[in-house]
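Asks: Start counting the sequence shown at 0; every next residue gets the next number (numbering that gives the first Met the number 0).
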Amino acid sequence: MEIARRMRSIPPYLFADLDRKRAALRAKGVDVINIAIGDPDLPTPPHIIAALTEAARNPATHVYPPYEGTAEFRQAVAGWYARRFGVSLDPDREVLALIGSKEGLAHIPWVFVDPGDVVLVSDPGYPVYRTATLMAEGTPYPVPLRPEDGWRPDLGAIPEEIARRAKVFFLNYPNNPTAAVADLAFFNDVADFARRHGILVVHDNTYSEIAYDGFRPPSFLEARGAKEVGIELHSLSKTYCMTGWRLGFAVGNPEAVGALGTLKTNIDSGQFTAIQAAGVAALTGPQQAVRERVAVWEARRNAVVRGLRAAGLDAPMPRATFYLWIPVPGGYDSVSFAAHLLEAAGVVVAPGIGYGQRGSGHIRISLTAPDDRFAEAIRRIGDRVGAAARPGGR
Ligand SMILES: *Cc1c(COP(=O)(O)O)cnc(C)c1O
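(1) Of all the alpha helix (DSSP H) runs that stay within the bounds of the region 324-386, which reach a length of 4 or more residues?
(2) Please determine whether the Cβ atom of Arg378 lies at a distance below 8 Å from any heavy atom of ligand 1.
(3) Does Gly392 pass the burial test, meaning 16 or more other C-beta atoms within 10 Å, or should it be called exposed?
(4) Below 8 Å, is the gap between the Cβ of Ser234 and the nearest heavy atom of ligand 1?
(5) Could you give the residue range of the alpha helix (DSSP H) that holds Tyr128?
(6) DSSP on Ile47, reduced to helix/strand/coil?
(7) Have a look at the DSSP bridge pairing and note the partners of Leu170.
(8) Is Arg245 near ligand 1, going by C-beta to nearest heavy atom under 8 Å?
(9) Determine the extent of the alpha helix (DSSP H) in which Tyr80 is found, giving its start and end residues.
(10) Could you tell me the distance, in whole angstroms, from the CA atom of Thr177 to the CA atom of Arg82?
(11) Which one or two residues does DSSP pair with Ser121 in a beta bridge?
(12) Would you grab the beta carbon distance between Pro114 and Glu136 for me? Rounded to a whole angstrom, and I think it's under 8 Å.
(13) Please determine whether the Cβ atom of Gly269 lies at a distance below 8 Å from any heavy atom of ligand 1.
(14) Whose C-beta lies closer than 8 Å to the C-beta of Leu133 among residues of the same chain, with five residues either side of it excluded?
(15) Tell me whether Ile107 sits in a helix, a strand or coil according to DSSP, three-state version.
(16) Nearest-angstrom Cα distance between Lys226 and Gly251?
(17) Return the chain-ordered ranges of every alpha helix (DSSP H) run that is complete within the region 231-283 and spans a minimum of 4 residues.
(18) Classify Gly355: buried if its beta carbon has 16 or more other beta carbons within 10 angstroms, exposed otherwise.
(19) For Asn175 and Ala131, what's the separation of their Cα atoms in angstroms?
(20) If you drop the 5 nearest sequence neighbours on each side, which residues of the same chain put their C-beta closer than 7 Å to that of Ala309?
(21) Mark Val142 as exposed unless 16 or more other C-beta atoms lie within 10 angstroms of its C-beta, in which case mark it buried.
(22) Any heavy atom of ligand 1 closer than 8 Å to the beta-carbon of Leu366?
(23) Counting only the same chain and skipping the five closest in sequence on each side, list residues whose C-beta sits under 8 Å from that of Ala193.
(24) Here's the rule: buried if 16 or more other CB atoms are within 10 angstroms of the residue's CB, otherwise exposed. What is Arg215?
(25) Tell me which residue opens and which closes the alpha helix (DSSP H) that Ala96 is part of.
(26) Between which residues of its own chain and Arg129 is the CB-CB distance below 6 Å, once the five residues before and five after are set aside?
(27) With C-beta atoms as the reference, is Gly269 less than 9 Å away from Gly68?
(28) CB of Glu136 to nearest heavy atom of ligand 1: below 8 Å?
(29) In three-state DSSP terms, what is Gly391?
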């Protein structure tokens, strides 16, 4: 047996050593606190579960679903975009159901990228953009994100020759892992840049509903002429605490949405109709459950940021997502500081290097663990790590 070359382009798993250390600590009976993973700790709202169970009892849902998603689901998506963003979508041509947004992201380079074509991916960024590009034998170009630019790309600094060769530009605001946000003015600039260079923008808007202090993140499709140059991917995973259900969607440019749909008819046969019915209940039903969940994360954000600052870490206050993107203290990089937090405090965080070279000075903490676990994690960090983290402490 020989593994294909394209598989060998997948980057080596960076955290094998950290995982080994974590397993060894657990084996010694240490109570390890995991605040690394971005998976909501709160359950799916009950009315969504009820819609699933009711639909699952109907034998009409037991057959293959329509490839592009059920008409009811696509109409629910279009209605939600109109209400939430004031963006009008044709449910037949501009909406496509996905088996989670990751599925769509991973397939997009197959549709738009020929071997050697450049794909603009942010560094740091969600790793799927890069690996999916490599799978399609495209060339990822890491667009640097810098704290002084609010972790948004400097479009003017992308070399002309790279922009000319680029086919796709993956963007994600509110952003994982940096928790950065973007406004409509930035999206207008992106749309202009994409039009000038003939690039398809793929905006990953997974975190549009997870925002705080009254902030309402925009859709890329609100930007001038965005539908001519881009699509947006969305997910029910984070908004409705449905990561295990695998339901998302792509919307926007009808040619692009249609082409992605054509690829998918050759790969999968769609998501279970009963899960799409649950998605309809989520998108068209009461949104109170979303507000309640976001309020839990907002209160936790306030407490955790305060606690970590008191414990000696330089934690910024994010306006969206459930991530804290925290610079590591002097003398550490992201992997060595994550190892130190694990060994000294039994706390698991995500080293920023996992999101790209420019993540090497940060760790990512996810607010998706219960409050009491955070209280304990903060206490341990304050007692055993914080002193060394403070300026002059090491
Ligand atoms: C969680 C996440 C996804 C994946 O969402 P699914 O719909 O569950 O596949 C996509 N993009 C980003 C940036 C994420 O953080």
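Don't be surprised by glycine CBs; every beta carbon is placed ideally from N, CA and C.
Replies: Looking at the coordinates:
(1) 333-344, 370-383
(2) no
(3) The predicted position of Gly392 is uncertain, since its pLDDT is 45 and thus under 50; no value can be drawn from it.
(4) yes
(5) 127-134
(6) helix
(7) His202
(8) yes
(9) 70-84
(10) Looking at the two C-alpha atoms, the distance is approximately 28 Å.
(11) Val142
(12) 4 Å
(13) no
(14) Arg5, Ser8, Ile9, Pro139
(15) Here Ile107 sits in helix by DSSP.
(16) 5 Å
(17) 235-238, 253-264, 272-283
(18) buried
(19) 17 Å
(20) Gly381
(21) buried
(22) no
(23) Closer than 8 Å at Cβ, skipping near neighbours: Phe168, Leu199, Val200, Val228, Gly229.
(24) That one is exposed.
(25) Premise fails: Ala96 lies in the beta strand (DSSP E), 94-97, not in any alpha helix (DSSP H).
(26) Val120, Pro139
(27) Yes, the Cβ-Cβ distance between Gly269 and Gly68 is below 9 Å.
(28) no
(29) A caution first: Gly391 carries a pLDDT of 44, below 50, which makes its placement in the model too unreliable to give a value.
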